[in-house]
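Colleague:
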Amino acid sequence: MMLFSNLIKENQKIWDAYLHHDFVKKLEDKSLKQENFLFYLKQDYIYLLNYAKCYARLVLNSNTAKELRFAMKFQNYIVEGEMELHRAILSLGINGDELDIKDESLVNIAYSRYMLSVGENGDFLDMLVALSACAIGYAKIGAEIINRLKNENLKDHPYKEWILTYGSENFQNEAKEFEDFVNSYTSSVSAQKFQKLSEIFHTVTRLEVAFWEHSLRMELNL
635 MMLFSNLIKE NQKIWDAYLH HDFVKKLEDK SLKQENFLFY LKQDYIYLLN YAKCYARLVL
695 NSNTAKELRF AMKFQNYIVE GEMELHRAIL SLGINGDELD IKDESLVNIA YSRYMLSVGE
755 NGDFLDMLVA LSACAIGYAK IGAEIINRLK NENLKDHPYK EWILTYGSEN FQNEAKEFED
815 FVNSYTSSVS AQKFQKLSEI FHTVTRLEVA FWEHSLRMEL NL
C-alpha cells in the first residue's frame with residue numbers, strides 16, 4: 635500500500651469526519667446558511683494566505699531540485715487560487731485586502747501555526763504531509779459532491795462555484811499530482827518515520843474538522 639493510503643487507513647475515522655462533515659453535507663444539499671458560508675469564506679481567504687507561506691517553508695525544506703520545483707509549483711497554484719477566491723469575496727461585498735489579523739479565528743491561527751511549526755522543526759516530508767489534508771481532501775470532497783449531484787443539478791445551486799472549483803478536472807489533477815508526490819516517498823519511510831507522519835496527518839485532519847465546525851458555529855474564539 636502506498637504512503638498516502640496508509641496514512642488514511644491509520645486515521646480513517648477522522649478522515650471520514652473531515653470529508654463528510656455536516657458543513658459539507660449542508661453545502662451540498664443547499665441548507666447551509668449564507669452567513670455560515672460567508673464566515674467560512676473569510677476565514678478560508680486568510681487561511682490560504684498562510685497556506686501559501688507554508689509552501690514557502692516547503693521550499694526552504696527542499697533537498698533536491700525535484701522537491702524545489704514541486705514546492706514552487708504548488709505555491710503558485712495557491713497564489714492563483716487566492717486570486718480567484720479574492721474575486722469571489724469581492725462579489726459578496728467583502729474587500730479581501732481589508733481582512734487582517736484581527737479577523738483571524740483561533741482555529742485558523744492554530745491550524746496555520748501548527749503547519750509552520752512542523753516545517754520549522756521537521757523535514758520536507760513532514761511538511762508535505764502537513765499540507766496534504768487540505769491539498770487532497772478538498773479534491774476528494776469536490777469530486778464526491780459532483781458525482782452525487784451531477785452537473786445538471788448545479789444550475790441553481792447557491793454554492794455552485796465552490797463545488798465546480800474543487801470538483802474541476804484541473805483541481806483533481808493537481809491533487810493527484812500532490813498525492814503521487816507523497817507516495818514517491820513510500821519505500822524510504824521507516825516504521826518510526828511513518829508514526830511521526832501519521833501523527834502529523836491526524837493533527838492536520840483534526841484541524842480541518844475544527845475548521846468546518848467553527849464555520850457552522852461562526853466562532854472566532856474557542
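Numbering (the numbering used here), first residue to last: 635 to 856.
Glycine included, each C-beta is placed from N, C-alpha and C at the ideal position.
#1: Mind checking ASP678: buried by the 16 CB within 10 Å criterion, or exposed?
#2: From what residue to what residue does the alpha helix (DSSP H) around LEU661 run?
#3: Around the C-beta of ASP615, are 16 or more other C-beta atoms found within 10 angstroms, so that it is buried, or is it exposed?
#4: Going by C-alpha to C-alpha distance, which of MET852, ARG851, ALA844 sits closest to TYR652?
#5: For CYS688 and ASN695, what's the separation of their Cα atoms in angstroms?
#6: Taking 8 Å as the cut-off, does the segment 808 to 827 touch the segment 741 to 752 (at least 3 CB pairs, one atom from each stretch)?
#7: How long is the line joining the alpha carbons of LEU692 and TYR800, rounded to whole angstroms?
#8: What residue ranges within the segment 825 to 855 form continuous alpha helix (DSSP H) runs of no fewer than 4 residues, ordered along the chain?
#9: Restricting to Cα atoms, I'd like to know which of PHE805, GLU842, TRP846, THR839 is closest to PHE708.
#10: For SER739, does the three-state DSSP call read helix, strand or coil?
#11: Using the Cβ count rule (16 or more neighbours within 10 Å means buried), how would you classify ASN645?
#12: DSSP three-state label for THR698, please.
#13: Excluding sequence positions up to five away, which residues of its chain have a Cβ less than 6 Å from the Cβ of GLU853?
#14: Between ASN640, LEU637, THR839, GLN668, which lies nearest to ALA744 when the distance is taken from Cα to Cα?
#15: Give the DSSP-derived three-state secondary structure of ASP814 in the structure shown.
#16: In terms of residue numbering, what span does the alpha helix (DSSP H) encompassing GLU786 cover?
#17: Is it buried or exposed, LEU831, if we count other Cβ atoms within 10 angstroms and call 16 or more buried?
Modeller: Looking at the atomic coordinates:
#1: Label assigned to ASP678: buried.
#2: That run of the alpha helix (DSSP H) goes 656 to 662.
#3: Because the chain is modelled from 635 through 856, residue 615 falls outside the range shown and cannot be assessed.
#4: Comparing alpha-carbon positions, the option among MET852, ARG851, ALA844 lying closest to TYR652 turns out to be ALA844.
#5: Our two residues, CYS688 and ASN695, have alpha carbons roughly 11 Å apart in a direct line.
#6: Taking 8 Å as the limit for Cβ pairs, the verdict is that the segment 808 to 827 does not touch the segment 741 to 752.
#7: When only Cα atoms are considered, LEU692 and TYR800 end up about 23 Å apart.
#8: Look at the segment 825 to 855 and you find these whole runs of alpha helix (DSSP H), each 4 residues long or longer: 825 to 851.
#9: The candidate whose alpha carbon is nearest that of PHE708 is PHE805.
#10: In the structure shown, SER739 sits in coil (DSSP, three-state: anything other than H, G, I, E or B).
#11: Buried, by the Cβ-count rule.
#12: DSSP, read as helix, strand or coil, puts THR698 in coil.
#13: So the list is empty, once near-sequence residues are dropped.
#14: Comparing Cα-Cα distances from ALA744 to each of ASN640, LEU637, THR839, GLN668, the minimum goes to THR839.
#15: Looking at ASP814 - three-state DSSP - the assignment turns out to be helix.
#16: Careful: GLU786 lies outside any alpha helix (DSSP H) and carries neither H nor E.
#17: LEU831 sits buried, since 16 or more C-beta atoms from the chains shown fall within 10 Å of its C-beta.
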